[in-house]
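Notes to accompany the following structure.
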Amino acid sequence: MNWGRIFFGGVILGAGMILLLSNAGMVDAGEAFKWFWPAVLVFAGLLSFVANPRHWLSATLLVGIGVVIMLSLAGAIDA
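Here the sequence shown stands for residues 1372 to 1450, where the numbers follow our numbering.
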């Protein structure tokens, strides 16, 4: 199973869902994408670690950066 292709497809699917909901007037696309891209970093880091645990440093950095950005957006930290 090619995890990179599945991840990329999931990102495209998620972005498409945000745009569809934005066109329907259900969500603000800017606000949704503001939260979407840090989540992509976190999932990319987790997927990188699961696919190859020897790449733990890059996976940890991706997850850490994504979490810090999400905490900053939530107002939990000042970054």
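Quick reminder that beta carbons are idealized off the backbone N, C-alpha and C, glycines included. Since this is a predicted model, take the numbers as computed values, not measurements.
- For my contact list, L1433 and G1416 are in at a C-beta cut-off of 8 Å; report their separation, rounded to the angstrom. Contact holds; Cβ gap of about 3 Å.
- Item | 8 Å Cβ cutoff met for F1420 and A1410 | Their beta carbons are not under 8 Å apart, which means F1420 does not touch A1410 by this criterion.
- Residue closest to W1408, alpha-carbon to alpha-carbon, out of W1374, V1382 and M1372: Looking only at W1374, V1382 and M1372, the smallest Cα-Cα distance to W1408 is reached by V1382.
- Message: Report the start-end ranges of each alpha helix (DSSP H) in the segment 1379-1432 that is 4 residues or longer and not cut off at the edges.
- Response: If we require 4 residues or more, the alpha helix (DSSP H) runs fully inside the segment 1379-1432 come out as 1400-1422.
- Take F1378 as the anchor and find which of A1422, A1403 and L1391 has the nearest alpha-carbon. The option with the nearest alpha carbon to F1378 is A1422.
- Item | Neighbourhood of F1404 by C-beta, 8 Å cutoff - its chain only, sequence neighbours within 5 removed | Around F1404: A1386 and I1389.
- Task: Leaving aside the five residues before and after L1442 along the sequence, list all residues of the same chain whose C-beta is less than 6 Å from its C-beta, in chain order.
- Result: The beta carbon of L1442 sits closer than 6 Å to the beta carbons of I1448 from its chain, once the five residues preceding and following it are set aside; these are given in chain order.
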